[in-house]
Amino acid sequence: QQKVQQSPESLIVPEGGMASLNCTSSDRNVDYFWWYRQHSGKSPKMLMSIFSNGEKEEGRFTVHLNKASLHTSLHIRDSQPSDSALYLCAAANYGNEKITFGAGTKLTIKP
Amino acid sequence: EAAVTQSPRSKVAVTGGKVTLSCHQTNNHDYMYWYRQDTGHGLRLIHYSYVADSTEKGDIPDGYKASRPSQENFSLILELASLSQTAVYFCASKRGTDNQAPLFGEGTRLSVL
């Protein structure tokens, strides 16, 4: 059974600062990682995806993947109060229907 | 536009009663999932399905049944609701075993009293 570990559990970042979130899978065959953002009282919405080693940037958001260490990280630069949310990491293998989520990182941006 | 619709959006149930949560997708997706979320925590997989009339157990299936009568519909059934099943339940759909991310419904908030 795949496990997905996220760290830290919670993070407080000043407005305009950089937030860094981590996620590691226990499954050596993991193929896909997705990062979701969930605002309070809302459903999770996919934010970023990464499938190959390296880095991917979309606006203020950058995601890294190191498949050898089964680790992905999400970085948010110039953090805004609207970035305050629960960030969930999900992982899956090609050909396997099960998608496992981590426990999440609660991010708070302090004005 | 792709959509996953859950009903009801909230429900209060009595301990020992039967609860059915419904999910409908218009995305022509093969895969559907039921997840449970406890306050401030991540998502745990209860049941999932990749074809009509077939369901699979997820990581926490005890106390839950699932039904997939058609490609579009997927239900979660609590035969004997318990206090510990108070949570928010999310349904999701996904095209296939590829890199497309699951799409979530708006959730059902269930309170068992």
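Keeping their order, the protein sequence lines are chains A and B. If you read the first sequence in the working numbering, its first letter stands for residue 191, the second for the next number, and so on. If you read the second sequence in the working numbering, its first letter stands for residue 48, the second for the next number, and so on. Beta carbons: idealized from backbone N, C-alpha and C, even for Gly. Keep in mind the model is a prediction, meaning the values are calculated, not measured.
Any C-beta of chain B sitting closer than 8 Å to the C-beta of A:Lys246? no
Does chain A have any CB closer than 8 Å to the CB of B:Thr157? Correcting the residue type first, residue 157 of chain B is Leu in the shown sequence and not Thr. No, no contact with chain A.
Check each candidate in B:Gly154, B:Cys138, B:Leu150, B:Ser57 and name the one with the smallest Cα separation from B:Arg115. B:Cys138
If you follow the beta strand (DSSP E) that B:Ile93 is in, where does it begin and where does it stop? From DSSP, the beta strand (DSSP E) with B:Ile93 extends over 90–98.
Looking at B:Leu157: is its Cβ nearer than 8 Å to the Cβ of B:Lys65? No, the pair does not count as a contact, with Cβ atoms beyond the cut-off.
Taking Cβ positions, are B:Val159 and B:Thr62 nearer each other than 8 Å? yes
B:Ser74 to B:Glu153 span [Cα, whole Å]: First, the amino acid is wrong: residue 74 of chain B is Asn here, not Ser. Distance between the alpha carbons of B:Asn74 and B:Glu153 is about 15 Å.
Proximity of A:Ala293 and A:Gln196 at Cβ, strictly below 8 Å: Yes, the pair counts as a contact, with Cβ atoms nearer than the cut-off.
Quick check on DSSP: helix, strand or coil for A:Gln195? strand
Per DSSP, what kind of secondary structure is B:Ser129 in: helix, strand or coil? coil
Can you find a CB in chain A that lies within less than 8 Å of the CB of B:Asp100? no
Suppose the cutoff is 7 Å on Cβ atoms and the five residues either side in sequence are ignored; what does the same chain contact list for B:Ala110 look like? Residue identity check: residue 110 of chain B is Gly in the sequence provided, not Ala. So the qualifying residues of the chain are Leu125, Ser129, Gln132.
Excluding sequence positions up to five away, which residues of its chain have a Cβ less than 6 Å from the Cβ of A:Tyr284? Asp221
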